[in-house]
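Asks: The structure follows.
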Amino acid sequence: MPYTTNDIKSIEAKWQEYWDRHQTFRVEADSTKKKYYVLEMFPYPSGKIHMGHVRNYTIGDVIARYKIMQGFNVLHPIGYDAFGQPAENAAIKHKTDPGEWTYRCIDQMHEELKRMGFSYDWDREISTCDSEYYKWNQWVFLKMFERGLAYKKTSSVNWCPSCQTTLANEEVIDGTCWRCKSLVVQKDLEQWYLKITHYAESLLKDLKQLQDWPSRVRIMQQNWIGKSFGMEIYFKVKDSQEVITVFTTRPDTIFGATYVVLAPEHPLVKKWVSGIKEEKDVLAFIEKTANKSKSLRMSGDQRKEGVFIGRHAINPVNGETIPIFIGDYVLMEYGTGAIMAVPTNDQRDFEFARQYHLPMRIVIQDPKNLKINIEQMAEAYEGTGVLVNSKQFDGINNEEAKEKIAQWMQKEHMGKISVHWRLRDWLISRQRYWGTPIPVIYCESCGAVPVPYDQLPVHLPKNVEITGQGGSPLNRIETFVETICPKCFKPARRETDTMATFFDSSWYFLRFCSAHNNKEIFKKQEAKYWMEVDQYIGGIEHAILHLLYSRFFTKFFKDLGLVDFNEPFKRLLTQGMVLKDGEVMSKSRGNTVDPDEVLSKYGADTLRLFILFAAPPEDQLEWNSDGLEGAWKFLNRIYQMVDKPIGTDVVQSERTIENIRNELSNYILNISEMDDNDKGLERARNLAIKQITQSFEEGYKFNTAISQIMILANAIDKYTFHMRVAMEGGSPSERFLVFRRKLFLQTRSIETLILLLAPFTPHLCEELWQMIGKKDSTVCKVAWPKFDAAALKQTEVIYAVQINGKIRGQFTAPVTASQEQLCELCMTDTNVTRYLQGATIKKFIVVPNKLVSIVV
RNA sequence: GGGCGGGUGGUGGAAUCGGUAUACACGCAGGACUUAAAAUCCUGUGGCCGUAAGGCUGUGAGGGUUCAAGUCCCUCCCCGCCCACCA
215 MPYTTNDIKS
225 IEAKWQEYWD
235 RHQTFRVEAD
245 STKKKYYVLE
255 MFPYPSGKIH
265 MGHVRNYTIG
275 DVIARYKIMQ
285 GFNVLHPIGY
295 DAFGQPAENA
305 AIKHKTDPGE
315 WTYRCIDQMH
325 EELKRMGFSY
335 DWDREISTCD
345 SEYYKWNQWV
355 FLKMFERGLA
365 YKKTSSVNWC
375 PSCQTTLANE
385 EVIDGTCWRC
395 KSLVVQKDLE
405 QWYLKITHYA
415 ESLLKDLKQL
425 QDWPSRVRIM
435 QQNWIGKSFG
445 MEIYFKVKDS
455 QEVITVFTTR
465 PDTIFGATYV
475 VLAPEHPLVK
485 KWVSGIKEEK
495 DVLAFIEKTA
505 NKSKSLRMSG
515 DQRKEGVFIG
525 RHAINPVNGE
535 TIPIFIGDYV
545 LMEYGTGAIM
555 AVPTNDQRDF
565 EFARQYHLPM
575 RIVIQDPKNL
585 KINIEQMAEA
595 YEGTGVLVNS
605 KQFDGINNEE
615 AKEKIAQWMQ
625 KEHMGKISVH
635 WRLRDWLISR
645 QRYWGTPIPV
655 IYCESCGAVP
665 VPYDQLPVHL
675 PKNVEITGQG
685 GSPLNRIETF
695 VETICPKCFK
705 PARRETDTMA
715 TFFDSSWYFL
725 RFCSAHNNKE
735 IFKKQEAKYW
745 MEVDQYIGGI
755 EHAILHLLYS
765 RFFTKFFKDL
775 GLVDFNEPFK
785 RLLTQGMVLK
795 DGEVMSKSRG
805 NTVDPDEVLS
815 KYGADTLRLF
825 ILFAAPPEDQ
835 LEWNSDGLEG
845 AWKFLNRIYQ
855 MVDKPIGTDV
865 VQSERTIENI
875 RNELSNYILN
885 ISEMDDNDKG
895 LERARNLAIK
905 QITQSFEEGY
915 KFNTAISQIM
925 ILANAIDKYT
935 FHMRVAMEGG
945 SPSERFLVFR
955 RKLFLQTRSI
965 ETLILLLAPF
975 TPHLCEELWQ
985 MIGKKDSTVC
995 KVAWPKFDAA
1005 ALKQTEVIYA
1015 VQINGKIRGQ
1025 FTAPVTASQE
1035 QLCELCMTDT
1045 NVTRYLQGAT
1055 IKKFIVVPNK
1065 LVSIVV
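The first sequence runs 215 to 1070 under the working numbering.
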């Protein structure tokens, strides 16, 4: 009988219960075993899992289960990234406690993950909002504070008016908040930062080690870190002692610098502005720029605006007096907040110069077009070329001149060779409730004092009213704020900002190594055994934020001597998005498919199989309910294959199929008795093992792995059909001998099929493994099958014949055939002979075991 | 503007050290079973021509290299993602 939804439900529940009861996936560090650490990015516990989760965790689960069958000691944990704003938003909306809401969601999520049959070590389940976890956040913070890597400074920060909190640069997307999409504004605030820039060099350099990461993630990080080589050049200010330092990557163009531009926020501007005749214009301009949102100001198409500031600078290389402007296209945060403008070689400077009728000078000529002249220029020339109007450097190629001019200027003290980074320090203060309290106490006499280690954790107070108004909620909790200074014991106040939640997820992979250790952040020996993460899986959206922060923390832990590696994730797989009707599935689009509904109709195995079969893991996946139905049918077919094999109707004896199968355990196959069908089946079986193993080892091409399983299933069905034919005729005893051999081969193929399918659809395969008589073993722990190269050898192959580049026929030849034999065999195809009639063969090319190509 | 992917049947996708394009699946069509439907099984399925054998054509467009090109080279078009007044 075909199975039903109810059968599937009971099969899946049965095995989930079995794995639980036997703690099948619980692991311990054991140095005698080779380890493998598979990790999927842990979820934010919003309650229900979505298809993106299903895809992410299914991919991880298949890898984990495959590695277990390969004999590895596999660590495969799960947890919850449980702090964050949705809990507060829910609290405001439903008037509940964020903690209560979060723990309820975690329970629900836990149940849903269990229903998917994932092979997690549930003993290591963690939540970042537990004090036993966030205590160690505070510990890490204090360690960083001790080393000057956590510090407080006032600066212009990104502020989301809707979330009422600050944001890291990485959290600002196109000038909007990454979470709520509202326009981010700039505010001057005193905030806590982590000195990620301290590791800029190694964060960049070590990307080279990450050969098993997608190259685009490496490139994105590289661009984000943004190392640029160049020099700082000093421009003396005319009639003043002041010097403007600019940063440039193009010292080769210094002779073409015809003005200088400062960022409106540049400190020299404030100093100079009062009393000059342009004062009003300058102040108006500064205010106008400040009011512009950062996103508007930074968009490239924006018309560049600026204003003359009433002063001049001296170009150090030629002594020219050039005007100083302030301009909205110069950013205070990058470089020195000041630039030298070379309009002929920089498009932005060119546009600005044209607009304000500023002078230009050509200093690089395009060797292909020596007639570049200022009047006819429509845009800046940003290509390479030969220097002109540059005194002793005339005639030198500009790439070469970069180095020469830089060296010369440095020697003449006109500037210094330097490197600038795009990467900024990481702002971690958040004016929110639902996060880790920053463990600092402010004392009037002692200043900012770290909370002593023995007073950790600083507990997040419970029963706090969340209104979403009026700044940090913790600020209003007197019992939390009021404390005493650990140094001088005078009354003091606690820091009320909490940490950005990316802090929590920057080291959770290490916590999994010693999930519930309350003495240390993690056990050094356990981390040494389990780390690094061998395979990490998650969405591309974390290519910069989370992955960069995790790399930063790992490097810090190495400096602390806690770990002896400097990269956390050996291999990274970024899974594609799940789409429906060509668009990303999302609540806001209203095109989601609830995994729960799919589970109640088809069960976890069907869902898993469909998701893995529909597209390679890294590609986008288009949801297709027909495809889901197809996966269901396939699994049903496999079930039939095991449930109702050929046999009972063929064997004319009292033996049942079951006791024949029992006898088969002692059966010895006589290879010489095998007919072509037997050999074909064995070939298909071994080919499947070979190719599926290969799809696991060479990138995770699960879609083609599954198609190989289907091919094997087709071969078994075909073989079963031939079995019936082979049973016809002969005496009952003769028939029995043939039947026994065939049943042996068929059973062996079915067994192989179950093993190969087990990582993908674990529940059904456990059930089938039992049905086929393997009552004493759990399929998920059976050794992965190995293939027999001898069975793959063919004695004959089909050759295609190409005549003048077109396929004209084919023939069968022994694999050992010589060129002469092949030439003769060609002629056995009548279509080929027709084409060769009356023609002279000019060339005869043989591609071994594939084709022959004849040129006539 | 810069960087990185990608463009293959009606659909999801196979095949890229150059070697029979469209594996596997979905869908569709026809058939078997059934009073009927569902399920299941069998057959067919890029397009055009042909009863057939077979022929022509076909991997975004155009050109090139080669006995042979989805794959390599040149020119161009389109789509997706990321970054972006970063000096």
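Ideal Cβ positions, reconstructed from N, Cα and C, are used throughout, including at glycine.
1. Where P976 and C994 are concerned, what is the direct C-alpha to C-alpha distance, given to the nearest angstrom?
2. Would you say V521 and E492 are within 8 Å of each other, going by their C-beta atoms?
3. Closer than 6 Å by C-beta to E479: which residues in its own chain qualify, once you throw out the five before and the five after it? Chain order, please.
4. Please list the terminal residues of the continuous alpha helix (DSSP H) segment that includes L417.
5. Is A527 closer than 8 Å to K182 when the C-beta atoms are compared?
6. Would you tell me roughly how many angstroms separate the C-alpha atoms of R765 and N270, rounded to the nearest one?
7. Straight-line CA distance for V695 to V672?
8. Is it the case that the Cβ atoms of Y334 and F239 are separated by a distance below 8 Å?
9. Go to K484, then tell me how far its beta strand (DSSP E) extends in each direction, as first and last residue.
10. Quick one: is M215 buried, meaning 16 or more other Cβ sit within 10 Å of its Cβ, or exposed?
11. Who pairs with V1066 in a beta bridge, going by DSSP?
12. Please report how far the alpha carbon of I536 lies from the alpha carbon of Q624, in whole angstroms.
13. Should C343 go down as buried or exposed, given a rule of 16 or more other Cβ atoms within 10 Å for buried?
14. Taking the alpha-carbon of F1106 as reference, which of L971, R646 and M358 has the nearest alpha-carbon?
15. Can you tell me the Cβ-Cβ gap for S686 and T710, rounded? I've got them flagged as a contact below 8 Å.
16. By alpha-carbon positions, which one of C374, K422 and C391 ends up nearest to D402?
17. Quick check: Y1013 and A1027, are their CB atoms within less than 8 Å of each other?
18. Which ranges does the beta strand (DSSP E) cover as unbroken runs of at least 3 residues, wholly within the segment 612-679, from first to last along the chain?
19. In or out: N220 buried (at least 16 other Cβ within 10 Å) or exposed?
20. Among E314, G285 and A567, whose alpha-carbon lies nearest the alpha-carbon of A296?
21. Consult DSSP for N287 and reduce its assignment to one of helix, strand or coil.
22. Comparing alpha-carbon positions, which option in K367, N372 and R430 lies nearest K409?
23. Alpha carbon to alpha carbon, what distance is there between V431 and F783?
24. Could you pull the start and end residues of the alpha helix (DSSP H) that Q230 belongs to?
25. If you draw a straight line from the C-alpha of A243 to the C-alpha of Y250, how long is it?
26. N372 by DSSP, collapsed to three states: which one?
27. Based on Cα-Cα distance, which residue from R725, Y647, C394 and I447 lies nearest to Y294?
28. Is it buried or exposed for T316, if we count other Cβ within 10 angstroms and need 16 for buried?
29. Could you give the distance in angstroms between the alpha-carbon of A487 and the alpha-carbon of T550?
30. Between Q158 and T380, is the Cβ-Cβ spacing less than 8 Å?
31. Look at G682 and I387 and say whether their C-beta atoms are less than 8 Å apart.
32. For F717 and T650, which I take to be in contact (beta-carbon distance under 8 Å), what is that distance rounded to the nearest angstrom?
33. Less than 8 Å between the beta carbons of A902 and M434, yes or no?
34. Could you round the C-beta distance between T467 and I578 to whole angstroms and report it? I think they count as a contact, below 8 Å.
35. Report the rounded CA-to-CA distance for G597 versus I500, giving the unit in angstroms.
Replies: The structure says:
1. 7 Å
2. yes
3. M546
4. A414 to K419
5. Because residue 182 is not part of the residues shown, which for the chain are 215 to 1070, the question remains open.
6. 21 Å
7. 11 Å
8. yes
9. K484 -> not in any beta strand (DSSP E); alpha helix (DSSP H) instead, spanning P481 to V487.
10. Per-residue confidence for M215 stands at a pLDDT of 47, beneath the threshold of 50, marking its modelled position as unreliable; the derived number appears in the next sentence. Exposed, because fewer than 16 other Cβ atoms sit within 10 Å of the Cβ of M215.
11. V1015 and V1060
12. 21 Å
13. buried
14. In the structure displayed, the chain extends from 215 to 1070; residue 1106 sits before or after that span and is not available.
15. 5 Å
16. C374
17. yes
18. 629-635, 654-657 and 661-664
19. exposed
20. E314
21. strand
22. K367
23. 13 Å
24. T219 to H236
25. 11 Å
26. strand
27. R725
28. buried
29. Note on identity: in this sequence residue 487 is Val, with Ala being the wrong assignment. For V487 and T550, the distance between alpha carbons rounds to 19 Å.
30. The structure shown does not extend to residue 158, since the chain is modelled only from 215 to 1070, so the question has no answer here.
31. no
32. 7 Å
33. no
34. 7 Å
35. 34 Å
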